[in-house]
Amino acid sequence: MKNILFAFLLISTSFYAQNYEKNWNKVIENENLGKIKSANVLVAKIHKKAIADKNEVQIIKCFFYESKYLQVVDENAQTKIIDNLKAEIEKASVPSKAIL
593 MKNILFAFLL
603 ISTSFYAQNY
613 EKNWNKVIEN
623 ENLGKIKSAN
633 VLVAKIHKKA
643 IADKNEVQII
653 KCFFYESKYL
663 QVVDENAQTK
673 IIDNLKAEIE
683 KASVPSKAIL
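If you count by the numbering used here, then the sequence shown holds residues 593 to 692, one letter each, in order.
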């Protein structure tokens, strides 16, 4: 029984990882084509899904990508990035806080 449960968890985890990987590939593709706003929209969707899945690795990755794109699009990006960072730190778990 434990083996079946473990196999199910392993399969479901790899499914989520593949789904995120496909989305990140689309983000990179848009970024390489110079479509920063489109890439940022995709990152926002990934971020929303990561929050729903409580996937902190993806949430942190989204934060860094959103910050990068914000610097390209907005003149006052530094202030917004700091505000976003403070908000993410408040929501994050202890290990994630150390990274942020």
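Here a beta-carbon is modelled for each residue, glycine too, at the ideal position from N, C-alpha and C. Owing to the predicted nature of the structure, the values given are computational and were not obtained by experimental measurement.
Nearest-angstrom Cα separation, counted from residue 683 out to residue 615 = 24 Å
Check whether the Cβ atoms of residue 651 and residue 644 sit closer than 8 Å, and answer yes or no.
-> no
Please report how far the alpha carbon of residue 625 lies from the alpha carbon of residue 646, in whole angstroms.
-> 30 Å
Go ahead and pull the three-state DSSP assignment for residue 618.
-> helix
Three-state secondary structure (DSSP) at residue 684?
-> coil
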